[in-house]
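Chemist: Residue numbers (this note's numbering), protein chains in the order written: chain H, 158 to 198; chain E, 48 to 276; chain W, 54 to 278.
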Amino acid sequence: MTYLYAAYIATWAIHLAYLASLLRRYIRVRKEIELLKAKEK
Amino acid sequence: MKRSFTLLAVVTGVLLSWGLYGALIAAPTEQTMGDVQRIFYYHVPSAWTAFCLFFVNLAASIVYLAKRNSKADALALASAEVGVVFCTIVLVTGPIWARPVWGIWWTWDLRLTLTLVLWLIYVSYLILRRFSSSGQTPVIAAVLAVLGALDVPLVYFSIWFYRTQHPQPVIGGGGSIDPRMLHVFFVNLAAFSCFGALVCWSRYRLEVVRRQVEEAQALESLLEPRGSR
Amino acid sequence: MSSSSAITRATLRKDLRLEWRSKDAINSMLFFALLVVVIFSFSFDPTAEESRRIAGGLVWVAFLFAAIVALNQTWARELRNQVLDAYRISPAPANSLFLAKALGNFIFVSVLEGLMTPLFIVFYNLRAVGPAYELLIVAVLGTWALVVNGTFFAAMSLRTRSREIMLPLLLFPISIPALLAMVEATTSILTGEFSAKFWIVLLVAYDVVFTTGCLFLFELVLHGE
């Protein structure tokens, strides 16, 4: 049934969206660390 | 640390795949509701995980108020965020389940309504964290978490009694469950619990690192002006 | 212990005196309450039978909005004159201040409700089928539930951006069980169909839990760091 697939797809879409935002934030933090390390040298 | 994280990730992956297979294929089709009932295998474990995460938030908040340990505060933030994600999933899958079964999108089902109120409380918690100035944020947020927790039993009883006065359909109703269904349910329950723990752990680690970077940046900007002058 | 209640009383008296002197604030809020009633009456214009069923909800939503407007300026005066800093330094217990503020708000919101109720009765031709005196109990318990949390969250919102929107944002979710109880109790008294007893007990429990919680935790909010 389409409802079933809608529910499962919605679940994973929400999880993936959140994980993507975590990844984005992690990349930003990594960049800032690089920046700090460069300044130290 | 790193090793147990990887181990958890692998276990989670395995359980989630097994759970998905079980939910869609292995589990028998339910008699009255048909295939739509399979939403149950995602809906209920998500609710369970969300409630566990909110409990972690309460514990972390209390620890923070007692010890002012900044790591506890980071955990409180992480568990609240991930809890809201899982809560959202419960609130999305619930109506998707209710619509074909009962013909209505929403019902003041006890578990669903409790989830809605918890979602509201924790979204307000996250907004408070976002909007308050960083010095007082941890304390105020922790206080809100405690008050929210005090609210939960009251919410439960108020909805319970409301339902006895105004009877409503029950999502994910009782009745006997085929042992094969129960098996698939528990696999998914374990899978989502591990997944919730994994994501929360990731968010926690991210937060800890982020705060260290912020401190380093603040320190750096304190030291810089001396050089430029 | 007697000194803290003396502080509470003194603060309360000062607040009431100041409010009475600056009648502008009171008058504009009274007018706002009146407007809310009128607008609701335009929007929901039911027959006498239906009105008893929905009036409970309408009245409390209207009270809630009026209360928010009143609560938003609770701490404004303290903030303007750095009273909070003075309080933090003084040895006075934090919850005396909180109690005084909450009681002041309670009196003020009750006045607003006292004005709005006869208007609602007129516009909706309300008549209680059940025991009417219970309505007073519900009003007192319900108003205190809103005010005690409202005063607390208003204090929490002081150090946030968008202070005015923060208060309802925090207050509404946590007040849901109390609101449900107020509305259901009022409806059951008006229609006489159910007994309001459970809801009144729930309101008492809610008030006890949150009054205790707020009194305990206010110290932390006042001192922040």
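Think of the CB as a built atom: it goes at the ideal place given N, C-alpha and C, for glycine as much as any other residue.
Looking only at DSSP bridge pairs, what is R213 (chain W) linked to?
Modeler: Taking the first residue of the third sequence as position 1, residue 213 (chain W) is located at position 160. A small fix is needed here, since residue 213 (chain W) is Thr in this sequence, not Arg. T213 (chain W) pairs with E:S179.
Chemist: Can you give me, in chain order, the residues of the segment 161 to 174 of chain W that have a beta carbon less than 9 Å from any beta carbon in chain E?
Modeler: Under the 9 Å Cβ criterion, the segment 161 to 174 of chain W contributes no residue.
Chemist: Alpha carbon to alpha carbon, how far is K188 (chain H) from V256 (chain E)?
Modeler: On the first sequence, residue 188 (chain H) is found 31 positions in, with the first residue counted as 1. On the second sequence, residue 256 (chain E) is found 209 positions in, with the first residue counted as 1. Taking the straight line joining both Cα atoms gives about 12 Å.
Chemist: Who are the near neighbours of I187 (chain E) in its chain, counting only those whose CB is closer than 7 Å to its CB and skipping five residues on each side?
Modeler: On the second sequence, residue 187 (chain E) is found 140 positions in, with the first residue counted as 1. Answer for I187 (chain E): L175, S179, listed in chain order.
Chemist: Given a limit of 9 Å on CB to CB distance, which residues of the segment 162 to 176 of chain E reach chain H?
Modeler: Cβ contacts with chain H come from no residue of the segment 162 to 176 of chain E.
Chemist: Just to check, is the beta-carbon of S58 (chain W) closer than 7 Å to a non-hydrogen atom of the ligand SAM?
Modeler: Among the components of this structure there are no ligands whatsoever, and the ligand SAM is therefore not found.
Chemist: Pull up the distance between the alpha-carbon of P200 (chain E) and that of L194 (chain W), whole angstroms please.
Modeler: Here residue 200 (chain E) corresponds to residue number 153 of the second sequence, with the count starting at 1. Here residue 194 (chain W) corresponds to residue number 141 of the third sequence, with the count starting at 1. Going by the C-alpha atoms only, they are around 18 Å apart.
Chemist: Taking the beta carbon of W152 (chain E) as the centre, do at least 16 other beta carbons fall within 10 Å, making it buried, or is it exposed?
Modeler: For the purposes of this step, residue 152 (chain E) is taken as the residue at position 105 of the second sequence. Its Cβ having fewer than 16 others within 10 Å, W152 (chain E) is exposed.
Chemist: For I171 (chain H), go through chain E and note every residue whose CB falls closer than 8 Å to its CB, in chain order.
Modeler: The residue given as residue 171 (chain H) occupies position 14 in the first sequence. The contacting residues are V132, T135, I136, V139.
Chemist: Can the beta-carbon of G243 (chain E) be found closer than 8 Å to that of V129 (chain E)?
Modeler: Position 196 of the second sequence, counting from 1, holds the residue named residue 243 (chain E). Position 82 of the second sequence, counting from 1, holds the residue named residue 129 (chain E). In this structure, V129 (chain E) lies closer than 8 Å to G243 (chain E) by Cβ.
Chemist: Within the 8 Å Cβ cut-off, does L161 (chain H) reach chain E?
Modeler: Walking along the first sequence from the start, residue 161 (chain H) turns up at place 4. Closer than 8 Å: yes.
Chemist: If you follow the alpha helix (DSSP H) that L180 (chain H) is in, where does it begin and where does it stop?
Modeler: By one-based count along the first sequence, residue 180 (chain H) stands at place 23. Taken as a continuous stretch (DSSP letters only), the alpha helix (DSSP H) holding L180 (chain H) covers 159 to 197.
Chemist: Among the candidates W:A208, W:A147, W:A249, W:F271, whose CA atom is the shortest distance from the CA of A8 (chain W)?
Modeler: Residue 8 (chain W) is absent from the structure shown; chain W starts at 54 and stops at 278.
Chemist: Work out the CA separation of A238 (chain E) and A70 (chain E) for me, nearest whole Å.
Modeler: Counting from 1 along the second sequence, the entry for residue 70 (chain E) is found at position 23. Counting from 1 along the second sequence, the entry for residue 238 (chain E) is found at position 191. In a straight line, the C-alpha of A70 (chain E) is about 12 Å away from that of A238 (chain E).
Chemist: I think V112 (chain W) touches F173 (chain W), with their Cβ atoms under 8 Å apart; what is that distance to the nearest whole Å?
Modeler: Your numbering for residue 112 (chain W) matches position 59 in the third sequence. Your numbering for residue 173 (chain W) matches position 120 in the third sequence. Indeed, because the Cβ distance is near 5 Å, the residues count as touching under 8 Å.
Chemist: What residues are listed by DSSP as bridge partners for E77 (chain E)?
Modeler: For the purposes of this step, residue 77 (chain E) is identified with residue 30 of the second sequence, where counting begins at 1. E:G81.
Chemist: Under a CB-based cut-off of 8 Å, is L124 (chain E) close to chain W?
Modeler: Working through the second sequence from its first residue, we reach residue 124 (chain E) at position 77. Judged by the 8 Å Cβ criterion, L124 (chain E) is not in contact with chain W.
Chemist: Pick helix, strand or coil for S143 (chain W), following the three-state DSSP scheme.
Modeler: Start at 1 with the first residue of the third sequence, and residue 143 (chain W) comes out as number 90. In the structure shown, S143 (chain W) sits in coil (DSSP, three-state: anything other than H, G, I, E or B).
Chemist: Which of the three DSSP states is assigned to W128 (chain W) in this structure?
Modeler: If you number the third sequence from 1, residue 128 (chain W) lands on position 75. Correct three-state label for W128 (chain W): coil.
Chemist: Assuming Q212 (chain E) is part of the alpha helix (DSSP H), what are its boundary residues?
Modeler: For the purposes of this step, residue 212 (chain E) is identified with residue 165 of the second sequence, where counting begins at 1. Element bounds for Q212 (chain E): 184 to 212.
Chemist: Taking the straight line between their C-alpha atoms, what separation do you get for S117 (chain E) and I109 (chain E)?
Modeler: Along the second sequence, read from residue 1 onward, the residue named residue 117 (chain E) stands at position 70. Along the second sequence, read from residue 1 onward, the residue named residue 109 (chain E) stands at position 62. So the alpha carbons of these two residues sit roughly 12 Å apart.
Chemist: For E267 (chain E), count neighbouring C-beta atoms within 10 Å of its own C-beta (all shown protein chains included) and say buried if the count is 16 or more, exposed if not.
Modeler: If you number the second sequence from 1, residue 267 (chain E) lands on position 220. Exposed, because fewer than 16 other Cβ atoms sit within 10 Å of the Cβ of E267 (chain E).
Chemist: D68 (chain W) by DSSP, collapsed to three states: which one?
Modeler: Start at 1 with the first residue of the third sequence, and residue 68 (chain W) comes out as number 15. Here D68 (chain W) sits in helix by DSSP.
Chemist: Could you have a look at G157 (chain W) and say whether DSSP puts it in helix, strand or coil?
Modeler: Mapped onto the third sequence, residue 157 (chain W) falls at position 104. Helix at G157 (chain W).
Chemist: Go through its chain and collect everything with a Cβ distance to F116 (chain W)'s Cβ below 6 Å, but skip five positions before and after it.
Modeler: Indexing the third sequence from 1 puts residue 116 (chain W) at position 63. The answer, listed in chain order, is E166.
Chemist: Mind checking D98 (chain W): buried by the 16 CB within 10 Å criterion, or exposed?
Modeler: For this step, residue 98 (chain W) is matched to residue 45 along the third sequence. So D98 (chain W) ends up on the exposed side.
Chemist: Short of 6 Å in beta carbon distance, which residues of its chain neighbour P216 (chain E), apart from the five on each side in sequence? Order them along the chain.
Modeler: Taking the first residue of the second sequence as 1, we reach residue 216 (chain E) at position 169. Only W149, T154 meet the Cβ criterion.
Chemist: Quick one: is S215 (chain W) near chain E, going by C-beta distance under 8 Å?
Modeler: Counting from one through the third sequence, the residue named residue 215 (chain W) turns up at place 162. Yes, S215 (chain W) counts as interfacial toward chain E.
Chemist: Along chain W, in chain order, which residues have C-beta atoms closer than 7 Å to that of D198 (chain E)?
Modeler: Along the second sequence, one-based indexing puts residue 198 (chain E) at 151. Near D198 (chain E) (Cβ distances below 7 Å), the residues of chain W are I227, P230.
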